[in-house]
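Only one structure is covered here, and it is reproduced in the block below.
Protein chains in written order, with the working numbering: chain P, 914 to 1508; chain G, 43 to 561.
So this is what it looks like as structure tokens:
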């Protein structure tokens, strides 16, 4: 690779050709201020805050989009640049609904931080803002145009990374704003609720729909029995908020905090992750044995499920009928759990702590309810959970670790790696191998499916069956690549080369979920993912089929994987959706008598 | 071929058609038939004659008589008096200054040499006046590098506003080895008050096509697009017609003139956003995306339309090319001054006696343009100022009436030639209103992508509204200049850099107009 030498504020720095000024400046030790640039996303070069003086140019250049050239001399902080940045920032604030104290992004807002460092006098800021209604149309995401600065990150992530195309710029000039098709609102769009826009939004313009009040109401209602589950990635996403190292895995403190908040029963989604492997793995093995030439595609990621329903309804028959771990937990919390504990299912409030905004949508799916009551009553994102911990004044860092309640909380390493891309695949391979051969893999680590590469492929040889071709994609743009290939192969030859496919809607998998703390970029996701693999490596049980609570629930209640009872409680069906409004057009699976 | 005693030229442009030119043509023809003159007097449709605000005009040859404001009711009298009895109808005659200006105008024409003379819808007429000879020469007798060298030598600079040397632009793209290259003609003409490209295309569409062909040959493109604003209906119609004619004549298509060179053109109709005149925004729009500008580098010459090397040229620029190839760079250089060669087409409007189109050599003073070609000030008004170069231009005061109109001379006064729009303002024009209208325009036309432009244009508009409403303060003037200067330094594309010049020049030159509103 050709290297380029330049000096930034008199500091010499060498970077590869094609590097932008803003990246080179980081290497030289200078963070050029910006509102629209993000290291994970292609620059939109919208804000103009990152302008820098480059010797030989009459006007400053945008550092985010200017490639470095040999011998370039750059100044990132002249008097004139400071004035320029201040002028732009004042205009941005003039058109921003400044409600910092109550804003969800308070403390994490990039606009707030920049304004703080730049000594802005709010008295001198003109008034440009015309208040517009807030978009509450989605069960997952709230869009507040009044806080939007038009940086375009949400559009970049929605269109370029996720290829969902729910967001776009509409109108021009001062009226230009981020909008959904026909201004029908985010809940009536192709949006799959993945929430990546909320993670990358520099302000509080895009946020999760806050359901903490509902949880408080349930917790403070003595007639309710509140059950809680936490997704695998949650335990790796809490510590850094409280000054611990990024990616510290803290299940014990997590359970303790939930108990301190007053939940009646604290159990774990990781348990149902293991259960998912039993159901999905069995489905996969049956499919292998039948040599259908069709794949089994995972169904745990609700953003992915809505995506496949919207953009590839013809492929929904290949999506595993197994419910997601959250919804399996939800169904059991309203059936098995009250039966065992002698409770009335009506009194149970089932709460899920998820890294995911799309889970809020999943919980509202009518097919995942019993007599009109959803199996999962309330879904909180990691961010909402953190806010509750703060509100309750829990000293998370020093809280004494606790254990969860028995019955639906024991988990194996296979369950915990569900939180990272490739984890479901790895867990499924461990169990599928066992289901076919009756033996465990000698080495349970399937390195080929780990890591943040967009599309990962591997061939696993299972004695007695042969080669199994698997694909793992994280991020919906990558999912689209795999689906296009499968769709083409099936259309042309009637079968595909893939036997098992894992898709996670969010880049990095659940550790990169749309409900994760703001500023959760690729670097943070990698750390959290590694932490989960470390937890797995240190566990006594690393395969779902060895989970004693799993063995017990099948023996006591569910009979065996794929049984009639299991189907009734743990499996679901899918729909085709229209691309404009994302609404159900027709049911595409589960119409014939199943199995 | 029939021989006619007289030819009546009837300019067919969007504006004259609006004024009833088609009806007049019908009336004229039927009246001539009634008098049995149809074999003696020929009625010819041509492109725009270059006049505005004077209704339908007729030019009669060989008498060289110009009629204006002709109506259908005038036709019987006109035919009887002029064509039967040989006595021009005095009450319809244009004034002497108009006739003189008209003739004067035509002497120095290059881009518009055929406009108003030949029938723009007949390729034979274009060929008849030497059309496509330059294309043949360029294709069969010149190497691509020779074409570029000739255009470089001619000193031709872009006529869209920025004035970038055309030959140089081509020479960047020519050596790039790419399976596909594109020529895109910017016919989006959005600068307020500018309509020169419309009249070039209405009057002589083949001239543009021939220039495009030569350009494509020069840098190796096999496909050309004309990005034209949707409002230009007649242009679109005539260009489509002209392209089809070229295809059927083998001037466009496969293996043109047996040279082995393939070329075709297509038209893309835009929705008329001002920002789509910015070349990268235009390319985005051409690709079917929102017309937002792209970051440069990479420049379009390297990665443009669908990531292929693309040259974007203005209509007028390209319409200069056939003449350069025909008459040579030396001849072209002999026109103009100060490193600005050739002619420039201006749209002259506002408080002048004869608003319209004029093509003059580079370097003519503003005073000459107004007096010689525009027939002086309207009703003898006193000259107050002129907005030169469109909304993004400069409002010149009377002190600069004798500045030569070329790139370098204007630059000394931080003014630009821009698109060639000249809006002349008489003494009663209020610069506050003028600036208000300009800033309202920018506020509306900003694409909204870049912060300094989107928010800055709104804030500037708010300030000028405040001043206009009598609520302004003197320091508002300074803050407008400062803000627009910051926009020059931080905006993504030229649009956000544009408000500075009209603001600065109007406040500097006409400060009293502003102070009157403030006090």
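For every residue, glycine included, the Cβ atom is placed at its ideal position computed from N, Cα and C.
Inset, instruction - Using only alpha-carbon positions, find the residue among 216/G, 229/G, 365/G that is nearest to residue 260/G. - result: When 216/G, 229/G, 365/G are compared, the shortest CA-CA separation from residue 260/G is found for 216/G.
Inset, instruction - Under the assumption that residue 1233/P contacts residue 1211/P (Cβ atoms under 8 Å), give the Cβ distance between them as a whole number of angstroms. - result: Residue 1211/P and residue 1233/P do touch by the CB rule: their CB atoms are close to 6 Å apart, below 8 Å.
Inset, instruction - Report yes or no: do three or more beta-carbon pairs, one from the segment 1293-1303 of chain P and one from the segment 1414-1432 of chain P, lie closer than 8 Å? - result: Segments in contact, yes.
Inset, instruction - Tell me whether residue 975/P sits in a helix, a strand or coil according to DSSP, three-state version. - result: Strand, per DSSP.
Inset, instruction - Could you spell out where the alpha helix (DSSP H) holding residue 1395/P opens and where it closes? - result: 1389-1406 is the extent of the alpha helix (DSSP H) around residue 1395/P.
Legend entry - Three-state secondary structure (DSSP) of residue 1224/P: DSSP, reduced to helix, strand and coil, places residue 1224/P within a helical segment of the structure shown.
Legend entry - Residues that DSSP places opposite residue 401/G in a beta bridge: Answer is 387/G, bridged to residue 401/G.
Inset, instruction - Along the alpha helix (DSSP H) that carries residue 1242/P, what are the first and last residues, could you check? - result: 1238-1246 is the span of the alpha helix (DSSP H), which, as asked, contains residue 1242/P.
Legend entry - Contact set between the segment 1026-1041 of chain P and chain G, restricted to residues whose Cβ is under 7 Å from the partner: Residues of the segment 1026-1041 of chain P that bring their beta carbon within less than 7 Å of a beta carbon in chain G comprise 1039, 1041, in sequence order.
Inset, instruction - Return the Cβ separation of residue 399/G and residue 241/G in integer angstroms, given the expectation that the two are a contact with Cβ distance under 8 Å. - result: Their Cβ separation, rounded to whole angstroms, is 5 Å, which keeps residue 399/G and residue 241/G in contact under 8 Å.
Legend entry - Against chain C: residues of the segment 527-540 of chain G by CB proximity under 9 Å: No chain C appears in this structure, whose protein chains are P and G.
Legend entry - Which of helix, strand or coil DSSP assigns to residue 1328/P: When secondary structure is reduced to three states using DSSP, residue 1328/P falls in the helix class.
Inset, instruction - Can you pull the chain G residues whose beta carbon is under 8 Å from the beta carbon of residue 978/P, in chain order? - result: Neighbours of residue 978/P on chain G, chain order: 337.
Inset, instruction - Flag this pair as yes or no: are the beta carbons of residue 1350/P and residue 1054/P separated by less than 7 Å? - result: Cβ distance not < 7 Å, so residue 1350/P and residue 1054/P don't count as in contact.
Legend entry - One or two residues paired with residue 224/G in a DSSP bridge: Bridge partners of residue 224/G: 265/G, 352/G.
Inset, instruction - Take the Cβ of residue 291/G as the centre, count every other Cβ of all protein chains shown within 10 Å, and call the residue buried at 16 or more, exposed below. - result: It is exposed - the Cβ of residue 291/G has fewer than 16 other Cβ atoms within 10 Å.
Inset, instruction - Out of 439/G, 390/G, 86/G, 338/G, point me to the one whose CA is closest to residue 933/P's CA. - result: It is 338/G whose Cα lies nearest to the Cα of residue 933/P.
Legend entry - residue 495/G beta carbon less than 7 Å from that of residue 439/G: No; because the gap between Cβ atoms is not below 7 Å, this pair is not in contact.
Inset, instruction - In angstroms with no decimal places, state the Cα-to-Cα distance between residue 1508/P and residue 1288/P. - result: For residue 1508/P, the predicted model reports a pLDDT of 42, less than 50, meaning its position is unreliable and no value from the coordinates is stated.
Inset, instruction - Compute the Euclidean distance between the alpha carbons of residue 91/G and residue 99/G, then round it to the nearest angstrom. - result: The straight-line gap separating the alpha-carbon atoms of residue 91/G and residue 99/G is approximately 8 Å.
Legend entry - Same chain, Cβ closer than 7 Å to residue 959/P, five either side skipped, listed in chain order: The residues are 949, 1063, 1064, 1065.
Inset, instruction - Under 8 Å by Cβ, that's how I've got residue 1409/P and residue 1273/P pegged, so tell me the actual separation to the nearest angstrom. - result: Incorrect: roughly 32 Å between the Cβ atoms, too far for contact.
Legend entry - Interface partners of residue 315/G on chain P, CB under 9 Å: Those within 9 Å of residue 315/G in chain P are 1085.
Legend entry - Every unbroken alpha helix (DSSP H) within the segment 425-495 of chain G, with a cutoff of 4 residues, ordered by chain: The segment 425-495 of chain G contains these whole alpha helix (DSSP H) runs: 449-454, 473-487.
Legend entry - Separation of residue 374/G from residue 258/G, as counted between CA atoms: Their backbone Cα atoms lie some 21 Å apart in a straight line.
Legend entry - For residue 1490/P, three-class secondary structure by DSSP: In the three-state reduction of the DSSP assignment, residue 1490/P falls in the strand class.
Inset, instruction - Taking the CB atoms as reference points, tell me whether residue 1457/P and residue 1327/P lie closer together than 7 Å. - result: Their beta carbons are under 7 Å apart, which means residue 1457/P touches residue 1327/P by this criterion.
Inset, instruction - Using a Cβ-Cβ cut-off of less than 9 Å, list which residues of the segment 953-970 of chain P approach chain G; keep chain order. - result: So the close ones are 956, 957, 958, 959, 960, 961, 962, 964.
Inset, instruction - Give every residue of the same chain whose Cβ lies closer than 7 Å to the Cβ of residue 254/G, excluding the five residues on either side of it in the sequence, and list them in chain order. - result: Excluding positions up to five away in sequence, the list reads 225, 227, 266, 307, 360.
Inset, instruction - Within 10 angstroms of the Cβ of residue 72/G, are there 16 or more other Cβ atoms? Answer buried if so, exposed if not. - result: Exposed, since its Cβ has fewer than 16 Cβ neighbours within 10 Å.
Inset, instruction - Using a cut-off of 7 Å between C-beta atoms, extract the partners of residue 500/G located in chain P. - result: Near residue 500/G (Cβ distances below 7 Å), the residues of chain P are 1041, 1087.
Legend entry - Coil, strand or helix - residue 1062/P by DSSP: Coil.
Inset, instruction - Report, in whole angstroms, the separation of the C-beta atoms of residue 1387/P and residue 1426/P, which I expect to be a contact under 8 Å. - result: About 11 Å; that fails the 8 Å criterion.
Legend entry - Cβ-based neighbour list, residue 55/G, same chain, cut-off 6 Å, excluding 5 preceding and 5 following: So the list reads 90, 244, once near-sequence residues are dropped.
Legend entry - residue 978/P versus residue 970/P: straight-line alpha-carbon distance, rounded: Their Cα atoms are separated by approximately 15 Å.
Inset, instruction - Alpha carbon to alpha carbon, how far is residue 481/G from residue 1005/P? Give it in angstroms, no decimals. - result: Rounded to whole angstroms, residue 1005/P and residue 481/G show a C-alpha spacing of 19 Å.
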